[in-house]
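Protein sequences appear in the order of chains D and Z.
The working numbering puts the first residue of the first sequence at -13, with every later residue one more than the last.
The working numbering puts the first residue of the second sequence at -13, with every later residue one more than the last.
There are 2 protein chains.
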Amino acid sequence: MMKPAKYTKLVLLLTYALSLACPLHAQGAAAEAMAPDQLNLMPVPASVQTQTGRLPITGGFNVAVKNYADDRLRAGIARMLTRLAGRTVLTLPAGLATDEGSATLVVQCERAGDPIPSLNENESYSLEVTDQQARLVAPTVVGALRGLETFLQLLQGDRDGYYLPGVKIQDQPRFPWRGLLIDVGRHYEPMEVLKRNLDAMAAVKLNVFHWHLTEDQGFRVESKKFPKLHTLGSDGLFYTQDQVRDIIAYARDRGIRVMPEFDIPGHSTSWLVGYPELGSAPGPFKIERGAGIFEPALDPTREQTYKFLEGFLGDMAALFPDAYMHIGGDENEGKQWDRNPQIQAFMKEKGIKDNHALQAYFNQRVLKILQKHGKKMIGWEEILHPDLPKDAVIHSWRGPASLAEAAKKGYNGILSAGYYIDLIFPASQHYLADPIPQNTTLTTEESQHVLGGEATMWGEWVSAETIDSRIWPRTAAIAERLWSPRDVTDIDNMYRRLSVISRELEELGLTHEKNYGMLLRRLAATENTGPLRTLTSIIEPVKEYRRYQMRRQTMLSPLTGLVDAARPDSEAARQFVANVDAFLADAPRFALYRSNIDQTLVEWRTAGRALGPMIDRSPALQEARPLANNLSAIAEAALEAMSHLSAGDPATTEWRDAHLAKLDEAAKPKAALEFVVITSVRKLVIAAAELPQLRSITPAEWQKRITTMAAPSAAPAKP
Amino acid sequence: MMKPAKYTKLVLLLTYALSLACPLHAQGAAAEAMAPDQLNLMPVPASVQTQTGRLPITGGFNVAVKNYADDRLRAGIARMLTRLAGRTVLTLPAGLATDEGSATLVVQCERAGDPIPSLNENESYSLEVTDQQARLVAPTVVGALRGLETFLQLLQGDRDGYYLPGVKIQDQPRFPWRGLLIDVGRHYEPMEVLKRNLDAMAAVKLNVFHWHLTEDQGFRVESKKFPKLHTLGSDGLFYTQDQVRDIIAYARDRGIRVMPEFDIPGHSTSWLVGYPELGSAPGPFKIERGAGIFEPALDPTREQTYKFLEGFLGDMAALFPDAYMHIGGDENEGKQWDRNPQIQAFMKEKGIKDNHALQAYFNQRVLKILQKHGKKMIGWEEILHPDLPKDAVIHSWRGPASLAEAAKKGYNGILSAGYYIDLIFPASQHYLADPIPQNTTLTTEESQHVLGGEATMWGEWVSAETIDSRIWPRTAAIAERLWSPRDVTDIDNMYRRLSVISRELEELGLTHEKNYGMLLRRLAATENTGPLRTLTSIIEPVKEYRRYQMRRQTMLSPLTGLVDAARPDSEAARQFVANVDAFLADAPRFALYRSNIDQTLVEWRTAGRALGPMIDRSPALQEARPLANNLSAIAEAALEAMSHLSAGDPATTEWRDAHLAKLDEAAKPKAALEFVVITSVRKLVIAAAELPQLRSITPAEWQKRITTMAAPSAAPAKP
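Right, dumping it as structure tokens:
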């Protein structure tokens, strides 16, 4: 029971959005309450009000449940307690409290919710923390689980101990479909990788695990009916049906749907290794080892194909309880269809005018199979075709516009364009991709067709050792986009919270942080990786699909190179870029962050020198030698520029051009890696030569100049 | 086929032992061959000869098998290839080479070996590496697996690429029983923890996984016959019989026996939760949460007990194929027996004079059950009793002397005294514990009864996050003791190789290194753990059983405190101690390592200052505050002493005594942690005050003085 007296302690009632609009007000209004945007919540709840008071977390912390409780809720509370204990190093009482009045946290839940996690699950909850008690109220167990994650994220500590700040939260997701696709086809991922990623998904309130189970490079699920699928198509690396059930149960415990994908008719080489008769070309077929788009496709013209799919998909429909089944449907170029006379004859006979229409025919046949087994079909947007029934769901890799187009036609859809985390873009970029952008042309009613989105972890270049670092922490930013109000878009605040969440994810066994050092130790063959770590902190793997172009590996290649150790979204680079901008804006003093920048640059120079001998000892690092040389050149250019700027001593244009040339060289990717600080160093070098002009322009003009001076197209100012 | 021509390239034929005896000779004899003790082999093989030449390891590396090959061998080769590729970042050809002549490595094996790994398995192998080819010859697949580990450990790299140095190795173990006990009773360990530790065991050629499955605090194996054992005795944390079979198969694949232990009649509280009728006191019983020795024990006087054990152990005998079954038998104080009138009456009736005799009676009954199921019995040395049959094996926790005593009586035995890795002693100490020490009184024949030894990872204070750091890398030193010739005892060389092996173990997923940083990040609630890492690098958990005395936790407490992050056998401290000794021995110059020591001390001082604010922010670190203050005091004392010594300016005795008092205070353990550099800092402080005496004594006297000056009993020299 909430004691009415506590309500009198509410002194600050500001929503999160308001606090973003006027942060100073939020911080200044009440000395004792935290501003909502100072909290470490991710995703940001729909509504947050802070209030004075704090709830101390001590060894006496306990939880009571009220109204409804079941095994899933109790297990969720137990997991929360383990994490709370781990973080605070407090021995907490085992089991639940019997007395609601004296419990630290009361979880009041009304019902189990859907027996199988569904798109319609009510995930809402409210959470109030006063200095007496925390109270989590949710209509369903899943809502309570979401609230328990928020509860844990509220934990703070200071000299007086651990506590939760006074807060009043009302929360529910913006979109009902918030997914993470993991492609286990190209590289198999062990069970514990999937489980820890399910834990991480739950921590940021994602609710769909899209299990991309089949690819040209691997067929990863046991088929009782057609065992040659997994025995011949997987190198022995597949999930047994028991393991699948284990994952489904594990996900369900966390309020997460498990939607399987069986990608057809293309991306199907691994199917054809065991069953070449399903193919559109004679075979035999071997498991694909390369990356890219391949020709093998199921033959959509033979009844045998559908009989097979009826058997296989029926089996899978029984195994996977989710209402949806993903049939892929992407990237089938139909080259084998073009060359197959029987397929051509079939098309002619049926009046099927092109391969797109033939695939539509195939999809409709598959749709009927799925319908028969009570499943709704979802596929990549290639499946969109005038004949596609309206209960199919469109999965968009093209973007919100094409998603809106489908919505206007009445199709439900989810967005993955903008969420391709395998392409190594920064979190900030994913964060701003919105399934229904501000400028949407959709009516409110049409908008209902946009169900949400999914981050896609395509598996070409990830191993069990590196996959976490490709998914996390960036996917937490996507999770926030899909859960939080559309106007929550402050990038700096997002990054501040992302760094906290990233550490908290480690409690769940995620390896995105700890495997970084491990991979560097292996590469350098020493514990003393300092210089290598310095280099790697400001380089990132090349973006989009350039890695494969620059470094031709196969699916059997080790993913233990420097490009695998290096991570997306360098925090060190982001810090450097911000510091340099602030330093340059501080003209003509050039004092702000000066010593910080100088210290960083000296560290780069020292590392550049130390890397040579390290590379000599480790042939696996040979490919990093040009990067090490670049690092020295970058450090030298920047240090000299800093001297010029600090001393007010203009550099010559010759000096500038010589260094810019070296920076152009350094900017070229090597070993599929690229520096992400070059633009800032270019700014320093250009500014050093522009000191004379600085005296004759306004601060505003200089500010504008800083922003544009290092752009590739910017001409150096005339002396 | 080995081409005879290659034998002409053998220019250096020195055994490892010889090289240790005259290292200069070994290094000087042939410019091109490495000295055997420069190799990173652990355990050191029985015989190593280095030779000139090197075998390049390139992307063309491949393996051919000869004579005998089976799935186990092929899987072992595949695992080796994956690790080789991971370390070199080379894409290696998949599968085996068909042409033996052109293969880089030829594995010639004669037979499968024992179908179930056994004590009699032939684990020998020979390995020759020339600049043309490597050839591994082994009578059994297990021998070949051992040789493949050696092969991987030989990998070296330089500017010219990866290679194996020319070498000729003949190897077999000194003892046939080389084990690691993992206690999963007190804390359950997930499957992946066991699997990665089995991988690590194989890497250092250990061959017995002693699975301590039952304890007062947990019953961890599924019993089909008596399900209340695991359902009520485990908090739901147990291994299903399928999982047990999975572990056994995984271990067998690596040539490792799996010996289960069911600890009876004591240590059995968890049995009695579900079956109180087996107990010697009325019950009811609850799973024990504390650490220590507890009273509950099976009732040895009732036939029902043996009927139960017949059922349970018979079931387990069918599940575990190993020839041995461990029945524990330790630490039963018999207090419940003393208080039970029926038991007392039974003893009187049967003429059983004391509890030891009663336990012997119990053991004989259990032995008969085991014999019936074809198992040999092994138990802790408490089971030794005049009536014990000679085919029982004695597991000694007392030491080699009592093992020798048992051997003289004709009992086989294994040693664990000296190998209690839970007690946080340094590897050097375990390394010198020998099952058959140099001064043994055993005849050669009697020595045959000493089968080997086992490292014991008792589970009171280890979680899945920390257990690896308690086992590794120190257990590799024990593995060497049990495999390598007795005269391989060079501690410095052991530590040099241990650090290499430690890194290589990370390739297998071991977390002993990477979880260190993770735990510090969690404690400090920041990525920037620098000062905390500096502190933690020179403190160790208290030794023996003092942790529990200083920090009363239960089995339900989180193992995430600073004492859990801190590791045994501090490398930083070892380095500091060595540097200080060298610095002091360099009197009166005091130049050797001076700047290195100064730099370290400044880092300590800086960390000491920075820790305060860090601790303020993280209540979990509160207990580290006195350690942080001590760190500052230690750094200050040492820096001042360094100034005195460097300047040749004697310190006063008042100064000395004031700092020694502070060091005495710093030497007291706090938060179950203790500094391991105090003795060296004491030396610096005392030496600073002894500069005047230094002028009047010989270098030899000074050297002796350094060794003893900081001993607790050493009186300061009179001024």
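Note that the Cβ used here is the ideal one computed from N, Cα and C, for glycine as well.
Nothing here was measured: the structure is a model prediction, and the numbers come from that model.
- Excluding residues up to 5 positions away in sequence, Arg40, Leu41, Pro42, Ile43 and Gln142 lie with their Cβ nearer than 7 angstroms to the Cβ of Tyr149(D) in the same chain.
- The beta carbon of Ala83(D) lies closer than 7 angstroms to those of Asn48, Val49, Ala50 and Ala89 in the same chain, with the five residues before and after it left out.
- Using a Cβ-Cβ distance cut-off of 8 angstroms, the stretch 533 to 548 of chain D and the stretch 493 to 504 of chain D are not in contact, since fewer than three pairs of beta carbons, one from each stretch, lie closer than that value.
- Beta bridge pairing from DSSP links Trp383(Z) with no other residue.
- Within the stretch 587 to 651 of chain Z, the runs of alpha helix (DSSP H) at least 4 residues long that lie entirely inside it are, in chain order, 611 to 633.
- The Cβ of Tyr148(Z) sits closer than 7 angstroms to at least one Cβ of chain D.
- Remark: three or more beta-carbon pairs, one from each stretch, lie closer than 8 angstroms, so the stretch 352 to 368 of chain D and the stretch 290 to 302 of chain D are flagged as touching.
- A residue is called buried once 16 or more other Cβ atoms fall within 10 Å of its Cβ, and Ala120(Z) is buried on that count.
- Among the CB atoms of chain Z, none fall inside 7 angstroms of the CB of Ala558(D).
- Classified as buried, Tyr502(D) has 16 or more neighbouring CB atoms from the shown chains inside 10 Å of its CB.
- For the 7 angstroms CB-CB criterion, Gly399(Z) and Ser382(Z) form a contact.
- Scanning its chain for C-beta atoms nearer than 6 angstroms, with the 5 sequence neighbours on each side dropped, one finds around Ala568(Z) the residues Leu578 and Tyr579, in chain order.
- Nearest in C-alpha terms to Thr291(Z), of all of Leu597(Z), Glu274(Z) and Pro251(Z), is Pro251(Z).
- Within chain Z, no residue has its beta carbon less than 7 angstroms from that of Thr90(D); the closest one is some 16 angstroms off.
- Using a Cβ-Cβ cut-off of 7 angstroms, Ser382(Z) does not count as an interface residue toward chain D, since no Cβ of chain D sits closer than that to its own.
- For the pair Met443(Z) and Ile477(Z), the CB atoms are not nearer than the 7 angstroms cut-off.
- Comparing C-alpha distances from Asn53(D) to each of Gly72(D), Gly45(D), Arg69(D) and Glu86(D) shows the shortest one belongs to Glu86(D).
- Under the three-state reduction of DSSP output, Lys154(D) falls in the strand class.
- The alpha-carbon separation between Tyr174(Z) and Lys529(Z) amounts to approximately 23 angstroms.
- A residue is called buried once 16 or more other Cβ atoms fall within 10 Å of its Cβ, and Asn106(Z), having fewer, is exposed.
- Listed along the chain, the chain Z residues whose CB falls inside 8 angstroms of the CB of Asp602(D) are Asp144 and Arg145.
- For Asn398(D), the enclosing beta strand (DSSP E) covers residues Asn398 to Leu401.
- Excluding its 5 nearest sequence neighbours in each direction, Pro125(D) has C-beta neighbours in its own chain below 6 angstroms: Glu96 and Asn108, listed in chain order.
- Per the Cβ contact rule, the stretch 448 to 465 of chain D is not in contact with the stretch 420 to 433 of chain D (fewer than 3 Cβ pairs under 8 angstroms).
- Contact between the stretch 364 to 380 of chain Z and the stretch 339 to 351 of chain Z is present: 3 or more CB-CB pairs across the two stretches fall below 8 angstroms.
- Contact holds between the stretch 630 to 650 of chain D and the stretch 660 to 674 of chain D, because three or more Cβ pairs, one in each stretch, are under 8 angstroms apart.
- Straight-line measurement puts the Cα of Phe248(Z) at about 5 angstroms from the Cα of Ile313(Z).
- Contact between the stretch 658 to 670 of chain D and the stretch 515 to 528 of chain D is present, with at least three C-beta pairs closer than 8 angstroms.
- Residues of the same chain with a CB within less than 7 angstroms of the CB of Trp469(Z), apart from the 5 flanking positions on each side, are Pro29, Pro159, Arg160, Arg164 and Lys191 in chain order.
- Here Lys656(D) is buried: its Cβ has 16 or more other Cβ atoms, across all protein chains shown, within 10 Å.
- In this structure Glu440(D) is buried. Its beta-carbon is surrounded by 16 or more other beta-carbon atoms within 10 angstroms.
- The C-beta of Lys181(Z) comes no closer than 7 angstroms to any C-beta of chain D.
- Pairing Met20(D) with Ala71(D), the inter-Cα distance amounts to about 24 angstroms.
- Along the stretch 55 to 117 of chain D, the alpha helix (DSSP H) occurs as fully enclosed runs of 4 or more residues at 57 to 74, listed in sequence order.
- DSSP, read as helix, strand or coil, puts Phe212(D) in coil.
- Just so you know, the alpha carbons of Gly594(D) and Asn582(Z) end up roughly 22 angstroms apart.
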